[in-house]
Each structure stands twice: as C-alpha cells, then as structure tokens.
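J.: Residues in the sequence shown are numbered from 11 upward in steps of one, following my numbering. Here it is, the structure, as structure tokens.
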Amino acid sequence: MTRQVFTFLVALAFASGGFSQAPPSPLNYKTKALDGKTLDLAQFQGKVILVVNVASECGYTGQYKGLQQLHDKFAKNGLVVLGVPSNEFGAQEPSSDQEIGKFCKSNYGVTFPMLAKQTIKGAKGAPLYQALASKELNPKFGGEVQWNFTKFLLGRDGKVAGRFEPGVEPDDAELNQAIAQALKAK
C-alpha cells in the first residue's frame, strides 16, 4: 500500500468516525477544470459517471467523438462523461489546458466536463485516480492505468461499477449496457 493511499485511508477513518464505515466515493475531491476553475467532484454524486483519461495525440483520440455521443445520448438520464487529460502515456498530451479545450471543442464538439491535465499514475497521481486505481478501495476494478482512454464507470452510489480498457470503444455494446444498468439503479 502506498503512503498516500494509507494516509487517505487513515484520514477517511477519522473523518467518518471510525474504520467501520465504507470508503467514500472517489468523487469526494476538489480539482481544477480545463478553464482553471475549481471543480468540486461531489456535485456529480447521485449521477452515473464515466471517468476517462484522455490525450489529443493518441491512436484512441477519435474516441472523443463517441464519448460526446454517449454524453448526448445519456446525459438527460443522469450520465456524466468526465475527461481527464494526462501526458503520462507516450507523452501524447503535451498541450496546455487551454489548447486541450480548444482541440476538443473544435475537432469533436466536446461539451462534457474536462479536468485540467493531471498525473494519474502512482504515488503522485491525482486523488481521484488514487481512489479509482486503488486495489484496497476498489479490489474488483482497481489497478494501475496502463494507457490513455481507460474508462471507469461509477454508479449512482459513487462506487466503481466497471472498468473498460482503451480498446473498448464508446459505442461498445458491453459498455453501453453497463451504463444503461447503472442509470436504472436508484
């Protein structure tokens, strides 16, 4: 267990009044959006969230189109696609936050929320990704992210309900079925 995960678990235990309660949602963090403003991820509690680490110069970059289509198709039912730019895999996201936003809007019409570029791997990873990838907090779907466009599906309860590797396209039947199931849960 990494020191940051251990520290997170200890802080969580004290904040929640003891070790007997389940860990909170990976959405219990504040971070920066592409526009530089603070974004409280807790605003998405109760929604179904598809968290995707993205990059503009990747062989999977075309998935932005499908992610936008998922957003358009399911947003009214409670889906939020959340893009998280990262430059950790083959240095495929070298752009600034402003350039990333412009690229996504002009090439793919992206309107879903996008976070500022973040580190997602290892001990220096963003808290959101520390929680998503933690085997201690997320034993079924945890594990280090291996490449761009890995997708974590969070249910309305804030728990990870699925993980889909980069080769799984946004229009994949299994992914769409998992999203539909998560949206049905109340």
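Backbone N, C-alpha and C fix where the C-beta goes; we use that ideal spot for every residue, glycine too.
By DSSP, does Q31 sit in helix, in strand, or in coil?
T.: With a pLDDT of only 46 at Q31, under the threshold of 50, the placement of this residue in the model should not be trusted, and no figure is reported.
J.: Specify the secondary structure class of F54 as computed by DSSP and reduced to three states.
T.: In this structure, F54 counts as helix in the three-state DSSP scheme.
J.: So which of Q79, C68, C114 and K169 has the shortest CA-CA distance to F159?
T.: The shortest C-alpha separation from F159 is found at C68.
J.: Could you give the DSSP three-state label for L193: helix, strand or coil?
T.: If DSSP states are grouped into helix, strand and coil, L193 belongs with the helices.
J.: Thinking K131 and E146 are a contact (beta carbons under 8 Å), I'd like their distance in whole angstroms, please.
T.: Incorrect: roughly 16 Å between the Cβ atoms, too far for contact.
J.: How many Å lie between Y39 and L138 at the Cα?
T.: So the two alpha carbons sit approximately 7 Å from each other.
J.: Give the straight-line distance between the Cα atoms of A126 and A195, rounded to the nearest whole angstrom.
T.: One C-alpha to the other measures close to 30 Å.
J.: Nearest to T121 by alpha carbon, out of Q79, N97, Q108 and F151?
T.: Nearest of Q79, N97, Q108 and F151 to T121, Cα basis: Q79.
J.: Using 8 Å as the Cβ pair cut-off and three pairs as the minimum, do the stretch 57-71 and the stretch 97-113 touch?
T.: Yes, the stretch 57-71 is in contact with the stretch 97-113.
J.: To the nearest angstrom, report how far apart Y74 and Y118 are at their CA atoms.
T.: Approximately 6 Å, taken between the alpha carbons.
J.: Could you give the C-beta distance for S162 and V61, rounded to a whole number, given that I count them as a contact under 8 Å?
T.: The amino acid at residue 162 is misidentified as Ser; the sequence shows Phe. F162 to V61, Cβ: 5 Å. Contact.
J.: Would you kindly report the start and end of the unbroken beta strand (DSSP E) that includes K86?
T.: Per DSSP, K86 belongs to no beta strand (DSSP E) and is neither H nor E.
J.: Considering only C-alpha positions, which residue in the set H81, K83, K86 and Q128 is nearest to A101?
T.: Comparing Cα-Cα distances from A101 to each of H81, K83, K86 and Q128, the minimum goes to Q128.
J.: Would you grab the beta carbon distance between H81 and V94 for me? Rounded to a whole angstrom, and I think it's under 8 Å.
T.: About 15 Å separates the two Cβ atoms, so there is no contact after all.
J.: What are the partner residues of P95, as DSSP defines its beta bridges?
T.: Paired residues: V64.
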